[in-house]
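Structure, as structure tokens:
There are 2 protein chains.
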Amino acid sequence: MLRVKLSRKCATMAEPKTIVNPLFLREDDLRQAIELLFFAYRDFTARGDAILARQHFGRAHHRILYFVGRYPGIPVGDLLDILNITKQSLSRVLSQLVREEYVLQKPGTRDRRQRLLYLTDKGKTLERELTSEQRMRFAAAYKDAGAVAVEGFRKVMLGIMDAKARKRFLSPFET
Amino acid sequence: MLRVKLSRKCATMAEPKTIVNPLFLREDDLRQAIELLFFAYRDFTARGDAILARQHFGRAHHRILYFVGRYPGIPVGDLLDILNITKQSLSRVLSQLVREEYVLQKPGTRDRRQRLLYLTDKGKTLERELTSEQRMRFAAAYKDAGAVAVEGFRKVMLGIMDAKARKRFLSPFET
DNA sequence: CGATTATGTCAGCAGTGTTGACATAAAACG
DNA sequence: CGTTTTATGTCAACACTGCTGACATAATCG
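For the protein sequence lines, the chains are W and R, in the order given. Letter 127 of the first sequence, counting from 1, is numbered 113 in the working numbering, and no numbers are missing. Letter 20 of the second sequence, counting from 1, is numbered 6 in the working numbering, and no numbers are missing.
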């Protein structure tokens, strides 16, 4: 579970971790964990970015499409909470999606200040195109890894995210 | 500063998945997987970004500091391979780090065209500050999740990344 | 020597996140 | 009812990061 490559080209590659030092190995595990997350996320998002670039969109557009598809009728404020960005950042991208008819806004019934968001058919189509590759990626990885591994992945990811986000996963119907 | 929770406000939250439909559940698992990765990565990088902002740096600076610290003496080309960005993108940030003496460049001995990269003490200090929070995050998550979960996390992440990156993890001494 | 490689640099564009300031409509409250 | 707060939007400016294209230098290779 050691080092990555570069061996041929990178001079200071040696440093074999052969000595059984629990503490040292732990450091190595943590370093590897960081890299696993980095490379997985990098590759996970790469193809979607390419698709988005075709229509002059970016990753932010995908995130909006995804979460609006996930929670049809979501108010803007809730979307801001999920994305953890400012309303100005969201607005720029969201208004573009509304203008180009990927997303539809309806005034709230209970609270007419709210603008509830929905995907149009056009939006659904693009969202599916973007997300399906990512779902296939996970489907393949889950299949290869097995059910036990999947549960482990889930546990570690929940441990990495902040408590607030973790709560959303663990208790779907709470404030 | 926090908004409210989705559940209360978002009308179309219901959709209980009570019906035992394997295919449907699978879709739900994949959707959850995507979100786990999204939220974990978002929160994983947030504090580092805040630290970097203090010195007018960004996430790209951290990545360079991290991988140069990881592979002292790494040539620029190898770093480009790891980061998967253009040399122009790298150059802007790297030359800044060199100028401000976080990173040191030495001409290669075998190939004098190469510029081998090393962290200065200043660079090591900043890198440690940035990465230590991330390591602690994983240390806590790993501890809570347990060894089996960690192995599962590792398997799933390897499955998500592209084959090229996976190889780097699995066969430490190859290109 | 000519071709390729490793690296760098200048310039411009796009996407995304930030802060600050200001505006409107509706809900909440006393 | 009138004041305050909330939900949302908008304009503007700035910073970081990625990309493409073009061009330059030095060293290695064949």
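Think of the CB as a built atom: it goes at the ideal place given N, C-alpha and C, for glycine as much as any other residue.
Checklist entry - From residue -1 (chain W) to residue 58 (chain R), what does the alpha carbon distance come to, in whole angstroms? => result Note that residue -1 (chain W) has pLDDT 42, beneath the 50 cutoff, so the model's placement of it is unreliable and the number below is only indicative. Roughly 8 Å separates the two Cα atoms.
Next on the checklist: With a threshold of 8 Å between beta-carbons, can residue 141 (chain R) be considered close to chain W, or not?
Outcome noted: In terms of beta-carbon proximity, residue 141 (chain R) lines the interface with chain W, with at least one pair separated by less than 8 Å.
Checklist entry - Taking the alpha-carbon positions, what's the residue 116 (chain R) to residue 98 (chain W) distance? => result Approximately 44 Å, taken between the alpha carbons.
Next on the checklist: For a cutoff of 8 Å on Cβ pairs, would you count residue 113 (chain W) as touching chain R?
Outcome noted: False, the Cβ-Cβ gap to chain R never drops below 8 Å.
Next on the checklist: Considering only their Cβ atoms, is the gap separating residue 145 (chain W) from residue 131 (chain R) smaller than 8 Å?
Outcome noted: Yes, these two residues count as a Cβ contact at 8 Å.
Checklist entry - Taking just the CA atoms, how far does residue 53 (chain W) sit from residue 100 (chain R)? => result Straight-line Cα distance between these residues: approximately 46 Å.
Checklist entry - Checking contacts by CB at 8 Å: is residue 98 (chain W) closer than that to chain R? => result For residue 98 (chain W), not one C-beta of chain R is nearer than 8 Å to its own C-beta.
Checklist entry - What number of angstroms, rounded off, separates the C-alpha of residue 105 (chain R) from the C-alpha of residue 90 (chain W)? => result Cα-Cα distance, rounded: 50 Å.
Checklist entry - According to DSSP, is residue 60 (chain R) helix, strand or coil? => result Strand.
Item to check | residue 82 (chain W) - DSSP class collapsed to helix/strand/coil | outcome: Looking at residue 82 (chain W) - three-state DSSP - the assignment turns out to be helix.
Checklist entry - Assuming residue 51 (chain R) contacts residue 66 (chain R) under a Cβ cut-off of 8 Å, what Cβ separation, rounded to an integer in Å, is found between them? => result Contact between residue 51 (chain R) and residue 66 (chain R) fails: their C-beta atoms lie close to 16 Å from each other, not under 8 Å.
Item to check | Buried or exposed by the 16-neighbour rule on C-beta atoms within 10 Å, applied to residue 141 (chain W) | outcome: With 16 or more Cβ atoms within 10 Å of its Cβ, residue 141 (chain W) is classed as buried.
Checklist entry - Does any C-beta atom of chain R lie closer than 8 Å to the C-beta of residue 14 (chain W)? => result Contacts with chain R at 8 Å (Cβ-Cβ) do not include residue 14 (chain W).
Checklist entry - Helix or strand or just coil, what does DSSP make of residue 1 (chain R)? => result Bear in mind that the predicted position of residue 1 (chain R) carries a pLDDT of just 43, short of 50, making it unreliable; the figure below should be weighed with that in mind. Looking at residue 1 (chain R) - three-state DSSP - the assignment turns out to be coil, as it is neither helix nor strand.
Next on the checklist: Could you check whether residue 39 (chain R) and residue 16 (chain W) sit closer than 8 Å to each other, using their CB atoms as the reference points?
Outcome noted: Annotated as distal: residue 16 (chain W) and residue 39 (chain R), with beta-carbon spacing of 8 Å or more.
Item to check | Where residue 42 (chain R) falls, given that 16 or more other Cβ within 10 Å makes a residue buried | outcome: Burial call: exposed.
Checklist entry - According to DSSP, is residue 96 (chain R) helix, strand or coil? => result The answer is coil: DSSP assigns residue 96 (chain R) none of H, G, I, E or B.
Item to check | Contact check, residue 164 (chain R) vs residue 136 (chain W), beta carbons under 8 Å | outcome: In the structure displayed, chain R extends from -13 to 161; residue 164 (chain R) sits before or after that span and is not available.
Checklist entry - Helix, strand or coil for residue 41 (chain W) per DSSP? => result Residue 41 (chain W) sits in coil when the DSSP states are folded into three classes, being neither helix nor strand.
Item to check | Alpha carbon of residue 143 (chain R) to alpha carbon of residue 155 (chain R), nearest angstrom | outcome: Pairing residue 143 (chain R) with residue 155 (chain R), the inter-Cα distance amounts to about 11 Å.
Checklist entry - Do residue 92 (chain R) and residue 102 (chain R) have their C-beta atoms closer together than 8 Å? => result A contact, by the Cβ cut-off of 8 Å.
Next on the checklist: So, for residue 37 (chain W): in the same chain, excluding its five sequence neighbours on each side, which residues have a beta-carbon less than 7 Å away from its beta-carbon?
Outcome noted: Setting aside the 5 residues that flank it on each side, residue 37 (chain W) is surrounded in the same chain by 115, 116, each with a C-beta closer than 7 Å to its C-beta; the list follows chain order.
Checklist entry - How is the alpha helix (DSSP H) around residue 128 (chain R) delimited, first residue to last? => result 107 to 131 is the span of the alpha helix (DSSP H), which, as asked, contains residue 128 (chain R).
Checklist entry - If contact means a Cβ-Cβ distance below 9 Å, which residues of the stretch 72 to 84 of chain R contact chain W? => result Within the stretch 72 to 84 of chain R, no residue qualifies.
Next on the checklist: Taking its Cβ as the centre, do 16 or more other Cβ atoms sit within 10 Å of residue 74 (chain R), making it buried, or is it exposed?
Outcome noted: Burial is judged here by how many other beta carbons sit within 10 angstroms of a residue's own beta carbon; residue 74 (chain R) has fewer than 16 and is exposed.
Item to check | is_contact[residue 138 (chain W), chain R] using C-beta, thresh 8 Å | outcome: Nearest CB-CB separation between residue 138 (chain W) and chain R: below the 8 Å threshold.
Item to check | Exposure label - residue 147 (chain R); buried when at least 16 CB within 10 Å | outcome: It counts as buried.
Item to check | Which listed residue (R:55, R:127, R:153, R:47) has its alpha carbon closest to that of residue 79 (chain R) | outcome: Among R:55, R:127, R:153, R:47, the Cα nearest to that of residue 79 (chain R) is on R:47.
Item to check | CB contact check: residue -4 (chain W) to chain R, cutoff 8 Å | outcome: In this prediction, residue -4 (chain W) has a pLDDT of 44, which is less than 50 and means its spatial position is unreliable; what the coordinates show is noted afterwards. So yes, residue -4 (chain W) belongs to the interface.
Checklist entry - Between residue 112 (chain W) and the rest of its own chain, which residues show a CB-CB distance below 7 Å, the 5 nearest in sequence each way excluded? => result Taking residue 112 (chain W) as the centre and dropping the five residues before and after it, the same chain places the C-beta of 51, 88 closer than 7 Å to its C-beta, in chain order.
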